[in-house]
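Colleague: For reference, the structure I am asking about is given below.
Listed below in structure tokens is the structure:
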């Protein structure tokens, strides 16, 4: 989940690491269809989307494959 209160002119790229996943499973991002490894999401994480408007949020749904 990603929240943005006030947008910045020059946004900073941030990453989110997930915990408690099965490192041997793959996970599919429901909105983009991109597939990530469980170990990848826990160790490296994924880049958060750049939010260009004030008072926005984002929720990612991952499905275990």
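Residue numbers (this note's numbering): 16 to 80.
Ideal placement from N, C-alpha and C gives every residue a C-beta, glycine not left out.
Predicted model, so just to flag it, every value in this text is computed and none were measured.
1. Grab me the residues of residue 28's own chain with a C-beta within less than 7 Å of its C-beta, minus the 5 sequence neighbours each way, in chain order.
2. Tell me whether residue 54 sits in a helix, a strand or coil according to DSSP, three-state version.
3. Check residue 76 in the structure and name its three-state DSSP category.
4. Take residue 78 and list the residues in its own chain whose beta-carbon comes closer than 7 Å to its own, dropping the five residues that flank it on each side.
5. What's the call for residue 53, buried or exposed, on a 16-neighbour Cβ count within 10 Å?
6. Please classify residue 30: does DSSP put it in a helix, a strand, or coil?
Modeller: Reading off the structure:
1. 62
2. helix
3. coil
4. 42, 43 and 45
5. buried
6. strand
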